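As structure tokens, the structure follows; a few thoughts come after it.
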Amino acid sequence: DVKVTQSSRYLVKRTGEKVFLECVQDMDHENMFWYRQDPGLGLRLIYFSYDVKMKEKGDIPEGYSVSREKKERFSLILESASTNQTSMYLCASSVTTATNEKLFFGSGTQLSVL
Amino acid sequence: AQSVTQPDIHITVSEGASLELRCNYSYGATPYLFWYVQSPGQGLQLLLKYFSGDTLVQGIKGFEAEFKRSQSSFNLRKPSVHWSDAAEYFCAVGANTGNQFYFGTGTSLTVIP
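Dropping the structure here:
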């Protein structure tokens, strides 16, 4: 089975801290994604990457950056955490083929910024 | 612009009753359509997907969905709900590049005994 692993299940940080959320997938997928999930807003795409060292902004990239130095790892960085970034963060990966278009999700990281 | 609408924020059904969750989409090309389920404290799991062909697709856990192009809908159904089906359900539309997915805001399902 494909496994997408997020390094932390719960994280508590203080305002202004630099925060790293790590995600690793073990199926050699080209595409990786970071979403945040908030009640009533569903999933909103922050960034995605379709190859090593490549990144594309999603719908809400402000306040975030990403890093993909290796194919299996996609990191989300909050340069200076703020309270409005308290949320559930979901990492996902996908492979691009004609018959296998779907996202595989990690279990999520619940981030609280105090 | 691409978008997905799930008009029902929350639905409550009795165990054993039938279920239909609504999903409408807006997409410029032929859509790839998905339903995901999220149990409490978990990531999202794929229930089913539609790419082409038969417009009635079967998924896991006894779920099915029907693609209706004329109504831009992809409603999820289950004939008899089990208590373990209580979860959040997300409809999504995807591009054929594998790197663009648009999610609805989700429908929370409560199942009462």
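Line by line, the protein sequences give chains A and B. Each residue of the first sequence is one higher than the last, beginning at 22 in the numbering used here. Each residue of the second sequence is one higher than the last, beginning at 805 in the numbering used here. C-beta atoms are modelled at their ideal positions from N, C-alpha and C, and glycine is treated no differently. Predicted model only: the values in this text are computed from it and were never measured.
Nearest-angstrom Cα separation, counted from B:Leu823 out to B:Pro917: The count along the second sequence starts at 1 and reaches residue 917 of chain B at position 113. The count along the second sequence starts at 1 and reaches residue 823 of chain B at position 19. In a straight line, the C-alpha of B:Pro917 is about 15 Å away from that of B:Leu823.
Considering only C-alpha positions, which residue in the set A:Ala113, A:Lys76, A:Phe125 is nearest to A:Tyr85? Residue numbering aside, residue 85 of chain A sits at position 64 when the first sequence is read from its first letter. The shortest C-alpha separation from A:Tyr85 is found at A:Lys76.
Can you find a C-beta in chain B that's less than 7 Å from the C-beta of A:Ser128? Along the first sequence, read from residue 1 onward, the residue named residue 128 of chain A stands at position 107. Interface residue, yes.
Quick one: which residues of the region 97-111 of chain A get their C-beta closer than 9 Å to a C-beta of chain B? List them in chain order. Leu111
Where do the ends of the beta strand (DSSP E) carrying A:Asp59 lie? Mapped onto the first sequence, residue 59 of chain A falls at position 38. Taken as a continuous stretch (DSSP letters only), the beta strand (DSSP E) holding A:Asp59 covers 52-59.
Contacts of A:Lys123 in chain B (Cβ-Cβ under 7 Å): Counting from one through the first sequence, the residue named residue 123 of chain A turns up at place 102. Neighbours of A:Lys123 on chain B, chain order: Phe838, Leu850, Lys853.
Here's the rule I'm using: 16 or more other beta-carbon atoms within 10 Å means buried, otherwise exposed. How should A:Arg19 be labelled? Absent from the model: residue 19 of chain A. The displayed extent of chain A is 22 to 135, so no value can be given.
With distances taken from CA atoms, which of B:His814, B:Phe905, B:Ile815, B:Gln810 is nearest A:Asp80? Residue numbering aside, residue 80 of chain A sits at position 59 when the first sequence is read from its first letter. Of the listed residues, the one whose Cα sits closest to A:Asp80 is B:Phe905.
Beta-carbon within less than 7 Å of A:Glu38's beta-carbon, same chain only, minus the 5 sequence neighbours each way: which residues are those? Working through the first sequence from its first residue, we reach residue 38 of chain A at position 17. Cβ within range, chain order: Ala102.
Less than 8 Å between C-beta atoms, sequence neighbours within five positions excluded: which residues of the same chain meet that for A:Leu64? Within the first sequence, the letter at position 43 stands for residue 64 of chain A. For A:Leu64, where only same-chain residues beyond five positions count, the Cβ hits under 8 Å are Tyr56, Arg57, Gln58, Leu111.
Where the region 49-77 of chain A meets chain B: residues whose CB sits under 7 Å from a CB there: Asn52, Gly61, Leu62, Gly63, Leu64, Phe69, Tyr71
So B:Gln806 contacts chain A; which residues on that side make the cut at Cβ distance below 7 Å? Looking up residue 806 of chain B in the second sequence gives position 2. Chain A residues near B:Gln806: none, gap ~11 Å exceeds 7 Å.
Quick check on this structure: which residue in B:Phe871, B:Ile813, B:Ser807, B:Gly845 has the alpha carbon closest to the alpha carbon of B:Gly832? In the second sequence, residue 832 of chain B corresponds to position 28, counting from 1. Ranking the options by Cα distance to B:Gly832, first place goes to B:Ser807.
List, in order along the chain, the chain A residues whose C-beta lies closer than 8 Å to that of B:Thr909? Start at 1 with the first residue of the second sequence, and residue 909 of chain B comes out as number 105. Within 8 Å Cβ-Cβ: Gly61, Leu62, Gly63.
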